[in-house]
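J.:
Number of protein chains: 2
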Amino acid sequence: MAYRKTPAEIRRLEAARERLVACATAVVADVGWSQASVTAVADSAGIAAGSVYQHFPSKAALAVEVFRRAAGREVDVLGDVLSGPGDPVERLARGIEVFARRALENRGLAYALLAAPAEPAVGAERLDFRRRYRALFAEVVREGMAAGLLPAQDGEITAAALTGAIGEVLVDPLGAPEEDATGALLAELTAMALRCAGAPAASA
Amino acid sequence: MAYRKTPAEIRRLEAARERLVACATAVVADVGWSQASVTAVADSAGIAAGSVYQHFPSKAALAVEVFRRAAGREVDVLGDVLSGPGDPVERLARGIEVFARRALENRGLAYALLAAPAEPAVGAERLDFRRRYRALFAEVVREGMAAGLLPAQDGEITAAALTGAIGEVLVDPLGAPEEDATGALLAELTAMALRCAGAPAASA
DNA sequence: GGAAACTCTGAATGATGCTTCACTTCTTCC
DNA sequence: GGAAGAAGTGAAGCATCATTCAGAGTTTCC
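Protein chains in written order, with my numbering: chain A, 1 to 204; chain B, 1 to 204.
1) Just by C-beta distance, which residues in the segment 123 to 155 of chain A are closer than 9 Å to chain B?
2) Looking at chain A, is there any beta carbon in it that lies within less than 8 Å of the beta carbon of residue 10(B)?
3) Does the beta carbon of residue 157(B) come closer than 8 Å to any beta carbon on chain A?
4) Cutting at 6 Å between CB atoms, please list the residues of its own chain near residue 20(B), excluding the five before and the five after it.
5) Looking only at its own chain, which residues have a Cβ that is under 7 Å from the Cβ of residue 60(A), when we skip the five neighbours before and after it?
6) Contact between the segment 57 to 71 of chain A and the segment 11 to 31 of chain A is defined here as three or more beta-carbon pairs at a separation below 8 Å; is this criterion met?
7) Output needed for residue 116(A): all residues of its chain with C-beta closer than 6 Å, excluding positions within five of it in sequence on either side, in chain order.
8) Ignoring anything shorter than 4 residues, give me the alpha helix (DSSP H) runs that lie fully in the segment 126 to 202 of chain B, in order along the chain.
9) Are the C-beta atoms of residue 164(B) and some chain A residue less than 8 Å apart?
10) With H, G and I counted as helix, E and B as strand and the rest as coil, what does DSSP make of residue 19(B)?
11) If you check the beta carbons only, do residue 70(A) and residue 109(A) fall under 8 Å apart?
12) Go to residue 88(A), then tell me how far its alpha helix (DSSP H) extends in each direction, as first and last residue.
13) Return no unless some Cβ of chain B is closer than 8 Å to the Cβ of residue 195(A).
14) If we define contact as Cβ-Cβ less than 8 Å, is residue 189(B) a contact residue for chain A?
15) With a cut-off of 8 Å, does the C-beta of residue 86(A) fall near any C-beta of chain B?
16) Got a sec, what are the start and stop residues for the alpha helix (DSSP H) residue 42(A) sits in?
17) Report the three-state DSSP secondary structure of residue 54(B) (helix, strand or coil).
18) Who are the near neighbours of residue 17(A) in its chain, counting only those whose CB is closer than 7 Å to its CB and skipping five residues on each side?
19) I want to verify the contact list: residues of chain A whose CB lies under 8 Å from the CB of residue 168(B), in sequence order.
20) Determine whether the Cβ of residue 248(B) lies closer than 8 Å to any Cβ atom of chain A.
21) Using the C-alpha atoms, what's the distance from residue 151(B) back to residue 198(B)?
22) Report the rounded CA-to-CA distance for residue 78(B) versus residue 98(B), giving the unit in angstroms.
23) Could you tell me the alpha carbon to alpha carbon distance between residue 145(A) and residue 48(B), rounded to whole angstroms?
24) Output the boundary residues of the alpha helix (DSSP H) element that contains residue 65(A).
25) CB residue 140(B) to CB residue 186(B), shorter than 8 Å?
26) Checking contacts by CB at 8 Å: is residue 30(A) closer than that to chain B?
Structure follows, in structure tokens:
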């Protein structure tokens, strides 16, 4: 045994991998999946294109990792809010607001996660991601119905609608960024979401 | 002048172009934009790949034409329903149902129009298409508010939400086709849309 | 210092798929 | 029938990238 990675070396490699994922995420948020070539990503991380393959077996694998990390963070945050304190309607309102606020604060990434054209492997991840979002919303809607706060409805459909509606509302402002209107947009969006779920007016 | 196209020849060429667009639409509805290569489209129309360029200057131009035709039909149909007879809430309900029913009857095409990964030129058309959908819905919502049937709200946001919600609800069933549940799905979707716009329950 | 094992590099390779073009086939008109 | 001109063909050309690989540079350990 003439060579064995020292802990420091292992840490260095892991850091390089993390840096690669972080830089790739930034590139994707900036220019979208289709423009994020291996060369562009490698350049932004300050390494050669070939070095990407030291960390990932293919471009698709890197893309999936980028998507999973970013999407996972969002699902975790939303899950925390939706299962936090408060009655179901309050939690739903807060969840919508948190989801939308985070998306508006990092529009490029939100667009990449929600809607940007992507290779099939990422598309499959996106479907799963949306399914998880829907499951979270559907659960709160069900709790709202059980608590008598929301009318009878198919929670899955309402949840799908909420996911799609938020995505659609958020995607368009991507083109014309109006920083000022964020507050009004969030208020309208939340009100719309509560109506969509059938919550009585002026509940939040 | 030794050659001039006869009317019959002109008709034949136009028919060939129409056939090409129709076949391309079918291919796109079947396999999606990314799999619809020039060769595949030409094959399905029974012509050589090179002949496509007799009718369109590029693949992107053909794709845009395919999108515009199909999307235009949908916008026209929805526009007719939304501006037809009945009070605004009734029209909205009927519009949602027509939109959704047509999408469910041709899921492949609906997916291609609403969500499937596509080249940038088609993506730009899609944005415009969604804007037109939103404008139609927003107008009905505004009429509903003016008639005192709907509560005060930002019609554009509700319209965006309706577009996104329908798309999201429809895209998922694409994977698991359950023909039987169409009626229930439409009923739930319409109910959700009316709640979303703030229409009183049991209004349709 | 030096051998062994590993990481990194970046130009070459290879695959995919749009587009072109020299050629063939068809249509028009005298 | 035949010349002129257009449409149709499909294989070659070309561009774009992901991926590979032979060699250079590093790290480890005796």
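We put the beta carbon where it would ideally sit given N, CA and C, even for glycine.
T.: In terms of the structure at hand:
1) 123, 127, 130, 131, 134, 151, 153 and 154
2) Looking up residue 10(B) in the second sequence gives position 10. Taking Cβ atoms only, chain A never reaches closer than 8 Å to residue 10(B), which makes this a no.
3) Along the second sequence, read from residue 1 onward, the residue named residue 157(B) stands at position 157. At least one chain A Cβ lies under 8 Å of residue 157(B).
4) Counted from its first residue, the second sequence places residue 20(B) at position 20. Within the same chain, residue 20(B) has close Cβ partners 45 and 55.
5) By 1-based counting over the first sequence, the position of residue 60(A) is 60. Cβ within range, chain order: 119 and 121.
6) yes
7) Working through the first sequence from its first residue, we reach residue 116(A) at position 116. Here the set comprises 32 and 33.
8) 155 to 175 and 182 to 197
9) In the second sequence, residue 164(B) corresponds to position 164, counting from 1. By this cut-off, residue 164(B) is an interface position.
10) Counted from its first residue, the second sequence places residue 19(B) at position 19. Here residue 19(B) sits in helix by DSSP.
11) Looking up residue 70(A) in the first sequence gives position 70. Looking up residue 109(A) in the first sequence gives position 109. Yes, Cβ-Cβ distance for residue 70(A) and residue 109(A) is below 8 Å.
12) One-based indexing of the first sequence puts residue 88(A) at position 88. Unbroken alpha helix (DSSP H) run through residue 88(A): 88 to 105.
13) For the purposes of this step, residue 195(A) is identified with residue 195 of the first sequence, where counting begins at 1. True, the Cβ-Cβ gap to chain B drops below 8 Å.
14) Residue 189(B) sits at position 189 when you count from the first residue of the second sequence. Yes, its Cβ sits closer than 8 Å to a Cβ of chain A.
15) Numbered from its first residue, the first sequence carries residue 86(A) at position 86. No - not a single Cβ of chain B is within 8 Å of the one on residue 86(A).
16) By 1-based counting over the first sequence, the position of residue 42(A) is 42. From DSSP, the alpha helix (DSSP H) with residue 42(A) extends over 38 to 45.
17) Against the second sequence, residue 54(B) aligns to sequence position 54. Note: residue 54(B) maps to helix in three-state DSSP.
18) Position 17 of the first sequence holds residue 17(A). Hits under 7 Å: 55.
19) Counting from 1 along the second sequence, the entry for residue 168(B) is found at position 168. Here the neighbours are 130, 160, 161, 163, 164, 165 and 167.
20) Any property of residue 248(B) remains undetermined from this structure, which presents chain B solely from 1 to 204.
21) Here residue 198(B) refers to the residue found at position 198 of the second sequence. Here residue 151(B) refers to the residue found at position 151 of the second sequence. Cα to Cα, the separation comes out at about 6 Å.
22) Residue 78(B) sits at position 78 when you count from the first residue of the second sequence. Residue 98(B) sits at position 98 when you count from the first residue of the second sequence. Answer to the nearest angstrom: the Cα atoms are 7 Å apart.
23) On the first sequence, position 145 is the one that residue 145(A) refers to. On the second sequence, position 48 is the one that residue 48(B) refers to. About 59 Å.
24) By 1-based counting over the first sequence, the position of residue 65(A) is 65. From DSSP, the alpha helix (DSSP H) with residue 65(A) extends over 59 to 82.
25) Looking up residue 140(B) in the second sequence gives position 140. Looking up residue 186(B) in the second sequence gives position 186. No, these two residues do not count as a Cβ contact at 8 Å.
26) In the first sequence, residue 30(A) corresponds to position 30, counting from 1. Not an interface residue.
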